[in-house]
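Here the sequence shown stands for residues 1 to 114, where the numbers follow the working numbering. This report refers to the structure that appears directly beneath it.
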Amino acid sequence: VQLQASGGGLVQPGGSLRLSCASSGRIFSFNAMKWFRQEPGKQREWVAVMSSGGSKNYADSVKGRFIISGDNFKGTVYLQMNSLKLEDTAVYYCNAVTPYGIFWGQGTLVTVSS
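Dropping the structure here:
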């Protein structure tokens with residue numbers, strides 16, 4: 001399975017951005033799809049998860065501002081990011097949990113700056 005993340009870019013504080021992640025390969029179902037992010041010099045941190053049952057959860061730091069959506073059966077996941085803050089600047093990675101293992105996308109850079 002290969003994951004391709006896209007949608008990153010430069011945005012002003014308070015702005016919005018939508019990240020996309022599409023999968024390729026012969027996977028028929030995904031247990032969960034997630035977003036992580038990593039700031040320079042820091043550990044990668046979990047941002048949001050969407051389970052195959054449809055439940056969604058968010059890190060406290062993004063709750064109420066970010067929305068995860070997509071289709072676990074198709075292996076697509078999106079992250080709508082609203083009210084962006086300077087501290088949201090990071091490389092964002094999509095992640096897929098499948099019966100065959102865990103897969104990562106290559107990351108897409110989000111820069112929040114005035």
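For glycine and all other residues, C-beta sits at the position ideal for the given N, C-alpha and C.
In this structure, how does DSSP classify E177 when only helix, strand and coil are distinguished?
Residue 177 lies beyond the range of the chain shown here (1 to 114); nothing can be said about it.
Rounded to whole angstroms, what is the Cα-Cα separation between R65 and W35?
So the two alpha carbons sit approximately 14 Å from each other.
Name the two residues that bound the continuous beta strand (DSSP E) containing K56.
It spans 56-58 - the beta strand (DSSP E) in which K56 sits, taken as one unbroken run.
Got a sec: is the Cβ-Cβ distance from Q106 to anything in chain D below 8 Å?
The structure shown has no chain D; it contains just one protein chain.
List the residues that DSSP assigns as beta-bridge partners of S23.
The partner list for S23 (beta bridge, DSSP) reads L3.
Which residue's Cα is closest to the Cα of Y78: S61, A90, G15, A96?
For Y78, the nearest C-alpha among the options comes from A96.
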